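Going by the working numbering, the first residue of the sequence shown is number 159, and it counts up by one from there. Inspection log for the structure reproduced underneath, given as structure tokens.
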Amino acid sequence: MKLVIDSYAWIEYFDGTNLGLKVKDFFNDKNNTIITNAITITEVVSKAKRAGKDIKEIYEAMSNLSSIYNINDSLALEAGELHADIKSKRKHFSVADIFVLLTARKLNAKVVTGDEDFRGLKEAIMIK
159 MKLVIDSYAW
169 IEYFDGTNLG
179 LKVKDFFNDK
189 NNTIITNAIT
199 ITEVVSKAKR
209 AGKDIKEIYE
219 AMSNLSSIYN
229 INDSLALEAG
239 ELHADIKSKR
249 KHFSVADIFV
259 LLTARKLNAK
269 VVTGDEDFRG
279 LKEAIMIK
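Structure (structure tokens):
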């Protein structure tokens with residue numbers, strides 16, 4: 159299965175929580191293809207740096223455990239349109255969340271998350 163790991167799931171993984179262990183199970187299943195949108199790296203590194211963690215180690219882990227889906231201008235345009243549509247229904251849905259959701263849609267993948275903003279979306283696999 160193709161899985162896009164969002165910031166929430168990555169942070170739980172790096173914090174070694176019980177939810178993080180669920181994320182680790184997705185990594186350990188060789189039938190899964192793990193993907194991370196580039197904007198997720200920004201969110202996770204920012205949180206890690208503020209927590210005093212080794213950001214180089216975290217970035218390397220993200221790069222080794224997943225394929226990075228990069229942002230380009232056409233994806234940014236599409237994300238802006240999708241954000242405008244979804245924002246009217248889900249007022250807390252962030253631009254970063256849109257990039258994760260759009261990545262999943264483009265790749266016919268699921269989003270692994272604990273972020274309540276994704277709850278109820280067909281693409282979401284909730285870890286909590």
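Quick reminder that beta carbons are idealized off the backbone N, C-alpha and C, glycines included. What you are looking at is a predicted structure, and each value in this text was computed from that prediction instead of being measured.
Chain-order list of residues whose beta-carbon lies under 7 Å from that of I169 (same chain, five-residue window excluded): One-based indexing of the sequence shown puts residue 169 at position 11. Within the same chain, I169 has close Cβ partners V202 and K205.
Pick helix, strand or coil for S246, following the three-state DSSP scheme. Within the sequence shown, numbered from 1, the residue matching residue 246 stands at position 88. S246 falls in the coil class under three-state DSSP.
I192: first and last residue of the uninterrupted beta strand (DSSP E) it sits in: Indexing the sequence shown from 1 puts residue 192 at position 34. Counting along the chain, the beta strand (DSSP E) containing I192 begins and ends at T191 to N195.
Could you check where the beta strand (DSSP E) with A219 kicks off and where it finishes? Here residue 219 corresponds to residue number 61 of the sequence shown, with the count starting at 1. Counting along the chain, A219 falls outside any beta strand (DSSP E), though it belongs to the alpha helix (DSSP H) covering I213 to L223.
Measure from the alpha carbon of L223 to the alpha carbon of each residue in G178, D173, I193 and H241, then state which is nearest. On the sequence shown, position 65 is the one that residue 223 refers to. The candidate whose alpha carbon is nearest that of L223 is I193.
Would you identify the three-state DSSP class for T175, choosing helix, strand or coil? Locating residue 175 in the sequence shown gives position 17, counting from the first residue. Note: T175 maps to coil in three-state DSSP.
What number of angstroms, rounded off, separates the C-alpha of K286 from the C-alpha of A234? Position 128 of the sequence shown, counting from 1, holds the residue named residue 286. Position 76 of the sequence shown, counting from 1, holds the residue named residue 234. Distance between the alpha carbons of K286 and A234: 29 Å.
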